[in-house]
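Trainee: Chains as they are written, first to last, in the working numbering: chain A, 572 to 813; chain B, 8 to 210. Virtual Cβ for every residue (Gly too), placed ideally from N, Cα, C.
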């Protein structure tokens, strides 16, 4: 199936479509990835998200936005990674109920601001689950042979909290551990600091910051101190939206 | 009608607050922070608010000048398109009616673009910011509005999704046509009524 041409969110109806769950797998004990087949695929930009809507038999609905973790491609399939939140009506359902073969309503892709086209230098700074849209960017860069464009810093509490742990490490990526570092880590546990990003700033790049509101504020402050101009910093804040 | 999701029954609808529009949940003590740019620090010594465009008198207020205008309070609920709502808040500031009265909208004006000190924009029909429906506010629940929530002052249009309530607002530009703002160019609805779930273009 040929996806409709992509780009930023179109100023037209974003139709709901019924996706089929092809596979589920856990990234961490609290993060699960769904691979979805879309009947009406539209190629996304790395960094965009989809809305997932659950509907009860009496018509009650709950919907939440989840970033696409997979790189844009022509498969008609996407991957969404969902963090399990305490009392999260949608995220707990994704973790506890959803199985391959289930049908889920989604619409997207949405968002044009926090998106990377894959052809310009980018510094990616993610905290915890904020790595998800950045992973789409890293995957795109690697797939297109332009990994040189990307530098990525991911901040996590401990090794077991790192999403995509088998795939993410590489010459483009740095992992900062805030509470527990693995044996032999080059730096002691601690919050993201200017020293963690200063050497990665080349000048002329766009910085993409994604994480909780607290992480986003701290990371933005660090980037400014490292010399990234404020107008080149794009921020996606993940709220506690269940 | 949406397709029923296998195994999903929803939670707590017996206790659902009638003040919650469809698809929204009560954020209770949380006030999530969601904006797309670095949080700016705008001192009140250099803060200004301007009404311009299709008006008889382009008018700019300083921080002290806008505080000398008659105060107006909103007490009620706010609704974010990301599905959280906060119920029973109070905001203090000045009514947009007061600001527009000073500038004198021309009869040809039909829409406004709210502009922020960060360059953020959002578009609204003029009728959605007049008639006691919109404010420029600097206090929330009795305390100065913090910078992450748009302080020192933000627009407040509480009957529409909260992205219309531009943080760090710097002015209103009156137009004779609708001109999509930041999120609206990126697929979000031009009006954004939470009660009819106007979240995205075409809703």
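(1) From the DSSP output, in three-state form, read off residue 650 of chain A for me.
(2) In the DSSP assignment, what are the bridge partners of residue 59 of chain B?
(3) Using DSSP with H/G/I as helix, E/B as strand and the rest coil, what is residue 666 of chain A?
(4) Please name the residue in B:121, B:113 and B:201 whose C-alpha comes closest to that of residue 103 of chain B.
(5) Residue 165 of chain B and residue 32 of chain B: beta carbons closer than 7 Å?
(6) Jot down the residue ranges of each uninterrupted alpha helix (DSSP H) in the stretch 693-741 of chain A, minimum 4 residues, whole runs only, in chain order.
(7) Just grab the DSSP bridge partners of residue 130 of chain B for me.
(8) How is residue 171 of chain B classed by DSSP in three states: helix, strand or coil?
(9) Please state if the CB of residue 650 of chain A and the CB of residue 613 of chain A are separated by a distance shorter than 7 Å.
(10) Who are the neighbours of residue 137 of chain B on chain A, taking C-beta pairs under 8 Å?
(11) Are the C-beta atoms of residue 628 of chain A and some chain B residue less than 7 Å apart?
(12) If we ignore side chains and look at the alpha-carbon of each, how far apart do residue 811 of chain A and residue 790 of chain A end up?
(13) Would you call residue 596 of chain A buried or exposed, if buried means 16 or more other Cβ atoms sit within 10 Å of its Cβ?
(14) Is it buried or exposed for residue 756 of chain A, if we count other Cβ within 10 angstroms and need 16 for buried?
(15) Is there at least one non-hydrogen atom of the ligand SAM closer than 6 Å to the beta-carbon of residue 111 of chain B?
(16) Can you say whether residue 37 of chain B is buried or exposed, counting buried as having 16 or more other CB atoms within 10 angstroms of its CB?
(17) Report the neighbours of residue 155 of chain B on chain A: residues whose CB is nearer than 8 Å to its CB, in chain order.
(18) Give the interface partners of residue 636 of chain A over in chain B, defined as CB-CB distance under 8 Å, in chain order.
(19) What are the start and end residues of the alpha helix (DSSP H) that includes residue 793 of chain A?
(20) Just checking my contact of residue 687 of chain A with residue 618 of chain A at CB under 8 Å: how many whole Å lie between their CB atoms?
(21) Just how far apart, CA to CA, sit residue 141 of chain B and residue 155 of chain B?
(22) Residue ranges of each beta strand (DSSP E) run of no fewer than 3 residues wholly in the stretch 615-647 of chain A, ordered along the chain?
(23) Can you tell me which of the three DSSP states residue 808 of chain A falls into?
(24) So, helix, strand or coil for residue 607 of chain A, using DSSP?
(25) Do you know whose CA, among A:608, A:712 and A:753, lies nearest residue 689 of chain A's CA?
(26) If you draw a straight line from the C-alpha of residue 628 of chain A to the C-alpha of residue 590 of chain A, how long is it?
(27) Along chain A, which residues have their Cβ under 8 Å away from the Cβ of residue 43 of chain B?
(28) List the DSSP bridge partners of residue 780 of chain A.
(29) From residue 774 of chain A to residue 803 of chain A, what does the alpha carbon distance come to, in whole angstroms?
(30) Kindly indicate which residue of B:200, B:139 and B:90 has the alpha-carbon position closest to the one of residue 108 of chain B.
(31) Run the CB neighbour count on residue 172 of chain B, radius 10 Å, all protein chains shown included, and call it buried at 16 or more, exposed below.
(32) Could you pull the DSSP bridge partners for residue 98 of chain B from this structure?
(33) Taking only beta carbons into account, state which residues of the stretch 655-677 of chain A come closer than 7 Å to chain B, listed in chain order.
(34) For residue 758 of chain A, is the classification buried or exposed, using 16 other Cβ atoms within 10 angstroms of its Cβ as the cut-off for buried?
(35) For residue 670 of chain A, count neighbouring C-beta atoms within 10 Å of its own C-beta (all shown protein chains included) and say buried if the count is 16 or more, exposed if not.
(36) Could you tell me the alpha carbon to alpha carbon distance between residue 186 of chain B and residue 130 of chain B, rounded to whole angstroms?
Mentor: So, from the listed chains and residues:
(1) Within the first chain, the letter at position 79 stands for residue 650 of chain A. Taken through DSSP and simplified to helix, strand or coil, residue 650 of chain A comes out as strand.
(2) As a first step, residue 59 of chain B is located in the second chain; it is residue number 52 there, counting from the start. DSSP lists B:180 as partners of residue 59 of chain B.
(3) To locate residue 666 of chain A, count along the first chain from 1; it is residue 95. Per DSSP, reduced to three states, the secondary structure at residue 666 of chain A is helical.
(4) On the second chain, position 96 is the one that residue 103 of chain B refers to. Nearest C-alpha to residue 103 of chain B: B:121.
(5) Here residue 165 of chain B is taken as the residue at index 158 of the second chain, counted from 1. Here residue 32 of chain B is taken as the residue at index 25 of the second chain, counted from 1. No. Outside cutoff.
(6) As far as the stretch 693-741 of chain A is concerned, its whole alpha helix (DSSP H) runs of at least 4 residues are 702-714.
(7) If you number the second chain from 1, residue 130 of chain B lands on position 123. Partner(s): B:120.
(8) As a working note, residue 171 of chain B is residue 164 in the second chain. Secondary structure of residue 171 of chain B (DSSP, three-state): helix.
(9) The residue given as residue 613 of chain A occupies position 42 in the first chain. The residue given as residue 650 of chain A occupies position 79 in the first chain. A distance of 7 Å or more separates the beta carbons of residue 613 of chain A and residue 650 of chain A.
(10) Translated into positions along the second chain, residue 137 of chain B becomes position 130. Going along chain A, no residue has its Cβ under 8 Å from residue 137 of chain B, so there is no contact; the nearest lies around 26 Å.
(11) As a first step, residue 628 of chain A must be located in the first chain, where it is residue number 57. So, interface residue.
(12) The residue labelled residue 811 of chain A in the question sits at position 240 within the first chain. The residue labelled residue 790 of chain A in the question sits at position 219 within the first chain. Only weak support exists for where residue 811 of chain A lies, its pLDDT of 49 falling under 50; the value from the coordinates is given anyway. Straight-line Cα distance between these residues: approximately 18 Å.
(13) The sequence position of residue 596 of chain A within the first chain is 25, counting from 1. Its Cβ having fewer than 16 others within 10 Å, residue 596 of chain A is exposed.
(14) Within the first chain, residue 756 of chain A is the residue found at index 185, counting from 1. Answer is exposed; the Cβ neighbour count stays below 16.
(15) Judged by which ligands are present, the structure shown has none, so any question about the ligand SAM falls away.
(16) By 1-based counting over the second chain, the position of residue 37 of chain B is 30. With fewer than 16 Cβ atoms within 10 Å of its Cβ, residue 37 of chain B is classed as exposed.
(17) Indexing the second chain from 1 puts residue 155 of chain B at position 148. Those are 784 and 788, listed as they occur along chain A.
(18) Taking the first residue of the first chain as position 1, residue 636 of chain A is located at position 65. Simply 89.
(19) Start at 1 with the first residue of the first chain, and residue 793 of chain A comes out as number 222. Residue 793 of chain A -> alpha helix (DSSP H) spans 784-796.
(20) Stepping through the first chain from its first residue, residue 687 of chain A is reached at position 116. Stepping through the first chain from its first residue, residue 618 of chain A is reached at position 47. Right, their Cβ atoms sit about 5 Å apart.
(21) Counted from its first residue, the second chain places residue 141 of chain B at position 134. Counted from its first residue, the second chain places residue 155 of chain B at position 148. As the crow flies, the alpha-carbon of residue 141 of chain B is around 20 Å from that of residue 155 of chain B.
(22) Entirely contained in the stretch 615-647 of chain A, the beta strand (DSSP E) runs reaching 3 residues are, in chain order, 620-626 and 632-638.
(23) Residue 808 of chain A sits at position 237 when you count from the first residue of the first chain. Strand at residue 808 of chain A.
(24) One-based indexing of the first chain puts residue 607 of chain A at position 36. Strand.
(25) Taking the first residue of the first chain as 1, we reach residue 689 of chain A at position 118. Comparing Cα positions, the closest option is A:712.
(26) Position 57 of the first chain, counted from the start, is the residue given in the question as residue 628 of chain A. Position 19 of the first chain, counted from the start, is the residue given in the question as residue 590 of chain A. Within the model, the alpha-carbon separation for residue 628 of chain A versus residue 590 of chain A is close to 18 Å.
(27) Here residue 43 of chain B corresponds to residue number 36 of the second chain, with the count starting at 1. Using a Cβ-Cβ cut-off of 8 Å, residue 43 of chain B is close to 684, 685, 805, 806 and 807 of chain A, given in chain order.
(28) Here residue 780 of chain A refers to the residue found at position 209 of the first chain. Answer is A:696 and A:806.
(29) Taking the first residue of the first chain as position 1, residue 774 of chain A is located at position 203. Taking the first residue of the first chain as position 1, residue 803 of chain A is located at position 232. Using only the alpha carbons, I get a separation of about 10 Å.
(30) Residue 108 of chain B sits at position 101 when you count from the first residue of the second chain. Comparing Cα positions, the closest option is B:139.
(31) If you number the second chain from 1, residue 172 of chain B lands on position 165. Its Cβ being crowded by 16 or more others within 10 Å, residue 172 of chain B is buried.
(32) The residue you call residue 98 of chain B lines up with position 91 of the second chain. Beta-bridge pairing by DSSP links residue 98 of chain B to B:81 and B:147.
(33) Near chain B, meaning a CB-to-CB distance below 7 Å, the residues of the stretch 655-677 of chain A are 660, 664, 668, 673, 674, 675 and 676.
(34) Position 187 of the first chain holds residue 758 of chain A. Residue 758 of chain A comes out exposed.
(35) To locate residue 670 of chain A, count along the first chain from 1; it is residue 99. Residue 670 of chain A should be labelled exposed.
(36) Start at 1 with the first residue of the second chain, and residue 186 of chain B comes out as number 179. Start at 1 with the first residue of the second chain, and residue 130 of chain B comes out as number 123. Whole-angstrom Cα-Cα distance: 6 Å.
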